[in-house]
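Student:
Residue numbers (my numbering): 2 to 122.
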């Protein structure tokens, strides 16, 4: 959570929010904010969600320091928390995976085969 402590302080100072102000918004003590920023402790999930809402940033950006300005297709990719990188959601896709996710291909191929068979007769 080293990135989190840096990110929290960065977003708080960029927003011109004091530790006291932030503590008031989260109903925690100023000392709790100070400990979060120094890396001595970390907030619970509820406070992480509230912080991302207060700063209007994603949890990835707040906790991991990942810049989400580049759009990632969340249908195809997911963040691997171990490597801190985006990986394919379904691993490497083979032909059958592709067909199961894109059933329209079967319809198009069947239509083309039907049309071709009609042209031959």
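The beta carbon of each residue, even a glycine, is placed where N, CA and C say it ideally should be. Model, not experiment: these values are computed from the prediction.
For residue 55 and residue 4, I'd like the C-alpha separation in whole angstroms.
Tutor: Taking the straight line from one Cα to the other gives about 18 Å.
Student: At the level of alpha carbons, what is the spacing between residue 115 and residue 101?
Tutor: C-alpha separation (whole angstroms): 21 Å.
Student: Classify residue 81 as helix, strand or coil using the three-state DSSP reduction.
Tutor: Strand, per DSSP.
Student: Which residues mark the beginning and the end of the beta strand (DSSP E) in which residue 89 is found?
Tutor: Note, residue 89: beta strand (DSSP E), 86 to 89.
Student: Quick check: the Cα distance between residue 119 and residue 113, rounded to an integer number of angstroms?
Tutor: For residue 119 and residue 113, the distance between alpha carbons rounds to 10 Å.
Student: For residue 109, does the three-state DSSP call read helix, strand or coil?
Tutor: Helix.
Student: Buried or exposed, going by whether 16 or more other CB atoms sit within 10 Å of the CB of residue 82?
Tutor: Exposed, by the Cβ-count rule.
Student: Inspect the beta-carbon positions of residue 65 and residue 49 and report whether they are closer than 8 Å.
Tutor: Cβ atoms of residue 65 and residue 49: not closer than 8 Å.
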